[in-house]
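Asks: First, the structure itself, so that you have it in front of you.
Numbering (this note's numbering), first residue to last: 9 to 210.
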């Protein structure tokens, strides 16, 4: 009975948080809702990663969304602009001819991969530390490559989660965002604690 209750409570937490993420993302017409909603979700999953479960998910999510709406969208705009620029260049290079066009196409894909890794680390850094917008981007980029082992673990986990959801598409409305968020936050929190310990011992 205790195991059933434990599993049921976790399923409810995951589903409720994912539904909130979808609702708040849509409330901002996706473009203006994605970043603050994802920050709010990561704030929730950060607490879970710290073994803190006794709190109101709704209250924390709503308060974080409102508090971080402006700032997170400012930084999010940077990501969106860079991504849009790279996608346009990718389309242009696709229709070009010659060896240089192939090289350019692959290079732009590489830059998009770097941008994605930077974005993955941005959210955990944002909810864990207080930096300037420029510092968030810089630190996210550094963590993506300096922590190769953690980055690899994150990517493997995300691929597994993606495959799991692909095989069970009915889970998309209920766990498609919160499972990746919880996984990334769990790995990143361990990394942050390890680095903080190293700094204190230095």
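Positions of the beta carbon are idealized from the N, C-alpha and C atoms, including for glycine.
Check residue 51 in the structure and name its three-state DSSP category.
Replies: Residue 51: helix per DSSP, three-state reduction.
Asks: How many Å lie between residue 87 and residue 127 at the Cα?
Replies: Taking the straight line from one Cα to the other gives about 8 Å.
Asks: Measuring straight from C-alpha to C-alpha, what distance separates residue 151 and residue 129?
Replies: If you take the alpha carbons of residue 151 and residue 129, they lie about 7 Å apart.
Asks: How many whole angstroms separate the CB atoms of residue 65 and residue 52, which I take to be in contact at a CB cut-off of 8 Å?
Replies: About 6 Å separates the two Cβ atoms, so the contact holds.
Asks: In chain order, which continuous runs of the alpha helix (DSSP H) of length 4 or greater are located wholly inside the stretch 91-178?
Replies: Here the runs fully enclosed are 107-136, 141-154, 156-175.
Asks: For residue 41, is the classification buried or exposed, using 16 other Cβ atoms within 10 angstroms of its Cβ as the cut-off for buried?
Replies: So residue 41 counts as buried.
Asks: Pick helix, strand or coil for residue 180, following the three-state DSSP scheme.
Replies: Residue 180 falls in the helix class under three-state DSSP.
Asks: Given a threshold of 16 other Cβ atoms within 10 Å of its Cβ, counted over all protein chains shown, does residue 121 qualify as buried or as exposed?
Replies: It counts as exposed.
Asks: Nearest CA to the CA of residue 184: which residue from 77, 49, 11, 155?
Replies: Among 77, 49, 11, 155, the Cα nearest to that of residue 184 belongs to 49.
Asks: Rounded to a whole number of angstroms, what is the C-alpha to C-alpha distance between residue 23 and residue 166?
Replies: If you take the alpha carbons of residue 23 and residue 166, they lie about 18 Å apart.
Asks: Per DSSP, what kind of secondary structure is residue 197 in: helix, strand or coil?
Replies: If DSSP states are grouped into helix, strand and coil, residue 197 belongs with the helices.
Asks: Rounded to a whole number of angstroms, what is the C-alpha to C-alpha distance between residue 69 and residue 157?
Replies: If I take the Cα positions, the gap works out to 31 Å.
Asks: Taking 8 Å as the limit between beta carbons, can you name the residues of its chain near residue 98, skipping five residues before and five after?
Replies: So the list reads 113, 116, 117, 120, once near-sequence residues are dropped.
Asks: Quick one, are the C-beta atoms of residue 83 and residue 144 less than 8 Å apart?
Replies: A contact, by the Cβ cut-off of 8 Å.
Asks: Could you check whether residue 147 and residue 160 sit closer than 8 Å to each other, using their CB atoms as the reference points?
Replies: No, these two residues do not count as a Cβ contact at 8 Å.
Asks: By DSSP, does residue 31 sit in helix, in strand, or in coil?
Replies: Three-state result, residue 31: helix.
Asks: Exposed or buried, what is residue 103 when buried is set at 16 or more other beta-carbons lying within 10 Å of its beta-carbon?
Replies: Flag for residue 103 reads exposed.
Asks: Can you have a look at residue 196 and say buried or exposed, based on whether 16 or more other CB atoms are within 10 angstroms of its CB?
Replies: So residue 196 ends up on the buried side.
Asks: Can you look up residue 63 in the DSSP assignment and give me helix, strand or coil?
Replies: Here residue 63 sits in coil by DSSP.
Asks: Hey, out of 67, 137, 21, whose CA is closest to residue 186's CA?
Replies: For residue 186, the nearest C-alpha among the options comes from 21.
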